[in-house]
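Here's the structure, in structure tokens; my notes come after.
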Amino acid sequence: MNVKSYILKAKIIEALKHDMPLLQLLFVSLFLTKALILLLRGKELEYIETLCQVHRSGWFGSEKVVIFLVKKFVLNSKGLKNKFITDIKERIVPLDNMKRFFEDPLALFDGVCLIVKSPSNHQKGVVIIKYSYYFSLMFKFFDMNEFSSRYHIVLEPSWAGTCDTGILCYTSLTEPVFVMAYENRDFNFLDALNSNLVPVKLSSNWWVNHEIFKPKAETEKDIDIVVVSGWAKFKRHQDIFKALSKVKRVLPHLKVALVGYPHDLTINDVKEIANHYNLAENLTFYEWISPMEVSALYSRSKVNLLWSRFEGLNRSIIEGMFCDIPCIIRDGFNYGQKYSYVNDHTGYWSTEDKLAEDIMYVLENRDKFSPRQYVMKNHTCIKATEILQDSINTVMSECSAECSFQGIVIKTNELHGMTYFDNQNDRRFDDDIENIKECLTKL
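Right under this line is the structure:
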């Protein structure tokens, strides 16, 4: 890796994508022109994908026009919508990470899909589908109209941006479909569609297991900063290391733990970038470690740092809060929303210019923060289950006079999928999975 070239290229790409509003307006115009050409050529799926790309970008001038176009050409055109679904199903092929689902579609119910309530005589069940990548895959294997007649479907996107082809597939169903959309931009997009997609103020980071991630008694705080981020370009390790090199001038024995796994970079790539900033002796790397090991590192750490500009609703900062360590997060993260759970009790918003200074401040004042107390009261998987249940109740009370909807089992998110907060529920829904075979279609 040529580190200097990598850093320069990353800086240029980032500036073009995020920091030039007038250029963004030009990009929006160009992409919308491309979308129109695709539609005229009968490439409906590519048309919708282009609109999704524009909306997810958050570029200046993209929001209202994309909402208008999605409503007009997707929701109000049955023929277009059906062709859109057909094209998505035909495009899906058994890639290496999906082969097992083609061999056994019910394998999706081992972490990707999770049943959290069984159907009863008077109420539907509830199934949560996690990871945006798999949303459209369900249409490949299942009669989703039949499926949605038995279960309330809840979608949990893995990235910010609910203008997504995988989510829009579900507008073809007649039943309400609930979509976690904590970002205001994403919530407003779904709400503006006036479709069967119901936004719910939740996200993937609401489902942390606070029994795993908790402070370890009498643990020495021998790590200054922990960074739990995959080895990925969007995690911006080079910018983290630039700030840490400044902190090192004041704290030469600075200790930093980096936890990750391969993405579009390797651990060796990240180490090369760290060496460029003369930080090799200050960093300890951990790869593919267990949640319990991550929790132990949090307990040894003083500050939890997240420095990406755009991704999903990050789980690691909440995990750290449950371990009672404050976080530092980049101002302007995702669409710039100031999340209520990053506050005077839990963490600090920082900027590129002030990151080193703010790291020093939080290190020196960490006793002023009480993150676990805050998230235990306001941001648990138990609270999330109540919010989801209330959202379903609200919609169902508008549709019918059926009795109050309750009985959803609490779930949590792990590195490789979903599981139940109480492991006694692990076999509880075996009969449901067996009955879901009736919804399978021929491949």
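Heads up: the sequence shown is residues 1 to 443, going by the working numbering.
We treat Cβ as the ideally placed atom computed from N, Cα and C, and that holds for glycine.
Keep in mind it's a predicted model, so treat the numbers as computed, not measured.
Item	Value
Just verifying my parser: in three-state terms, what is the DSSP assignment at Met20?	coil
Decide yes or no for the touch test of the region 364–375 against the region 256–276: beta carbon pairs closer than 8 Å, at least 3 of them.	no
For the region 167–178 and the region 140–149, state whether three or more C-beta atom pairs, one from each stretch, are separated by less than 8 Å.	yes
Give me the residue from Val116, Ser118, Ile88 with the minimum Cα distance to Tyr133.	Ile88
For Val112 versus Ile92, is the C-beta distance shorter than 8 Å?	no
Assuming the contact rule is C-beta atoms closer than 8 Å, Phe189 and Thr162 should be a hit. Round their C-beta distance to whole Å, please.	6 Å
Return helix, strand or coil for Lys216, following the three-state DSSP convention.	coil
Can you check whether the CB of Ile212 is closer than 8 Å to the CB of Ser295?	yes
State the Cα-Cα distance for the pair Tyr182 and Val200, rounded to the nearest angstrom.	7 Å
Assuming Ile67 is part of the alpha helix (DSSP H), what are its boundary residues?	63–70
Pick helix, strand or coil for Leu224, following the three-state DSSP scheme.	The question names Leu, but residue 224 is Asp in the sequence shown. Three-state result, Asp224: strand.
Under DSSP, the beta strand (DSSP E) around Ala107 begins and ends at which residues?	Neither: Ala107 is in no beta strand (DSSP E) and is coded neither H nor E.
Is Asp358 closer than 8 Å to Tyr374 when the C-beta atoms are compared?	no
Thinking C-beta only, is Ile325 closer than 8 Å to Val303?	yes
If I'm right that Val208 touches Leu305 with Cβ under 8 Å, what's the distance once you round it to whole angstroms?	Incorrect: roughly 18 Å between the Cβ atoms, too far for contact.
Grab me the residues of Phe310's own chain with a C-beta within less than 7 Å of its C-beta, minus the 5 sequence neighbours each way, in chain order.	Ala160, Phe234, Asn334
Relative to the C-alpha of Lys71, which residue among Leu26, Ile48, Gly61, Ile85 is closest?	Ile48
Counting Cβ pairs closer than 8 Å, one from the region 53–62 and one from the region 12–32, do we hit at least three?	yes
Where do the N-terminal and C-terminal ends of the alpha helix (DSSP H) with Gly166 fall, by residue?	165–168
Once you ignore the five residues that flank Leu39 on each side, which residues in its own chain have a CB closer than 6 Å to its CB?	Tyr47
Compute the Euclidean distance between the alpha carbons of Met396 and Asn194, then round it to the nearest angstrom.	16 Å
Which stretch, first to last residue, makes up the beta strand (DSSP E) that contains Val250?	Run containing Val250: none in the beta strand (DSSP E); it sits in the alpha helix (DSSP H), 237–250.
Which residue or residues does DSSP assign as beta-bridge partners of Asn413?	Met418
Do the CB positions of Thr171 and Ser136 come within less than 8 Å of each other?	no
From Asp110 to Ile67, what distance separates their C-alpha atoms?	35 Å
So, at 6 Å on beta carbons, what are the nonlocal neighbours of Ser299 in its own chain, with the 5 sequence-adjacent residues on each side left out?	Pro215, Lys216, Thr219, Cys323
Am I right that Gln238 and Ala10 are in contact with their C-beta atoms under 8 Å? What's the rounded C-beta distance?	6 Å
Beta-carbon within less than 6 Å of Gly58's beta-carbon, same chain only, minus the 5 sequence neighbours each way: which residues are those?	Tyr335
To the nearest angstrom, how far is the alpha carbon of Leu22 from that of Arg185?	20 Å
With a floor of 4 residues, list each alpha helix (DSSP H) that falls wholly inside the region 256–287, ordered by position along the chain.	267–276
I'd like the span of the beta strand (DSSP E) that includes His55, first residue to last.	It is not in any beta strand (DSSP E) - His55 instead sits in the alpha helix (DSSP H) that spans 44–57.
What are the partner residues of Met180, as DSSP defines its beta bridges?	Val200
To the nearest angstrom, how far is the alpha carbon of Leu36 from that of Gly42?	10 Å
Among Ser149, Asn2, Ser229, which residue has its Cα nearest to the Cα of Leu313?	Ser229
Where does Glu438 sit, in a helix, a strand or coil, going by DSSP?	helix
Ends of the beta strand (DSSP E) at Val303?	301–306
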